[in-house]
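Scroll down for the structure; my scribbles are underneath it.
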Amino acid sequence: MSDESVTDAADRDEQRDREVEAQLLERREAALAHVVKWGDPVLKSKASPVANFGPELRAEVERMVLIMQDGLGVGLAATQLGVLRRLLVFQAGPDSEPTALVNPEIEWASAELALAEEGCLSLPRVTVDVERPLFVRVSGRDAEGEPIAIEAAGLEARVLQHEIDHLDGVLILDRT
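Written out as structure tokens, the structure is:
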């Protein structure tokens with residue numbers, strides 16, 4: 006292979022990388038356009054319990070997962086989309102599956118606390134240090150209405166608490 010061929014291949018790879026990056030940025034901006042931003046009173050409102058588990062709820066969950074993933078978030082509460090229903094989705098790591106929690110409640114939280122920086126899709130470019138319990142047990146229902154319980158630690162525990170805060174009208178700025 007000639008030096009010219011190697012250079013051409015490298016140029017094509019670099020161009021492809023720029024195109025992929027541009028597409029990801031476009032998808033992120035489109036997703037974030039759906040997210041309610043700080044200052045909107047809905048973010049300070051308490052969400053109502055979900056009573057109906059059916060196709061409409063499952064479609065809402067699918068939409069929330071897409072917005073969360075395209076927006077590069079690890080969690081999203083329905084209130085962040087202007088929907089006052091106790092529904093959240095989260096995906097605490099790249100290898101984990103997205104999970105929906107309907108009517109989530111924190112059953113137990115550890116006395117052991119951890120301070121960590123948090124961001125929020127509703128507060129673009131804002132991060133604050135928030136102290137939260139390191140371990141939690143959360144119960145609720147899945148999108149089909151089946152009972153679900155999650156024992157979480159570390160990032161997963163933090164994400165669950167952050168999203169449940171949204172459902173209760175609490176923002177990270179309220180936790181500083």
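Residue 63 in the numbering used here sits at position 58 of the sequence shown; the count goes up by one each step and never skips. All residues carry an ideal CB built from backbone N, CA and C; glycine is no exception. Only a predicted model underlies this, so the values are computations on that prediction, with no experimental measurement involved.
Per DSSP, cross-strand counterpart(s) of residue i
| i | result |
| --- | --- |
| A157 | V141 |
| F95 | G80 and T104 |
| I183 | As shown, the chain starts at 6 and ends at 181. That puts residue 183 outside it, with no answer to give. |
| P46 | Partner(s): none; P46 has no beta bridge. |
| D75 | D75 is not bridged to any residue. |
| S53 | R90 |
For residue j and residue i, the rounded distance between their alpha carbons
| i | j | result |
| --- | --- | --- |
| G34 | E151 | Checking the sequence, you will find Glu at residue 34 rather than Gly. In a straight line, the C-alpha of E34 is about 34 Å away from that of E151. |
| E102 | L81 | 14 Å |
| W43 | A114 | 27 Å |
| C125 | R17 | 36 Å |
| P46 | G174 | 9 Å |
| I177 | T132 | 9 Å |
| G59 | V66 | 11 Å |
Residue range of the beta strand (DSSP E) that includes residue i
| i | result |
| --- | --- |
| E123 | L118 to C125 |
Cβ-Cβ separation, residue j to residue i (assumed contact under 8 Å), whole Å
| i | j | result |
| --- | --- | --- |
| E161 | R142 | Actually they are not in contact, since the Cβ atoms of E161 and R142 sit about 12 Å apart, beyond 8 Å. |
| Q85 | H171 | 6 Å |
| A52 | A83 | 6 Å |
Given residue i as reference, the closest of the options once Cα atoms are compared
| i | options | result |
| --- | --- | --- |
| S50 | V88, G76, E117 and V94 | V88 |
| A148 | A36, E31, V70 and A119 | V70 |
| E123 | D134, A116, R130 and E117 | D134 |
| I72 | I177, V94 and T132 | V94 |
| G76 | V107, D179 and L29 | L29 |
| E136 | G145, S127, P129 and A116 | A116 |
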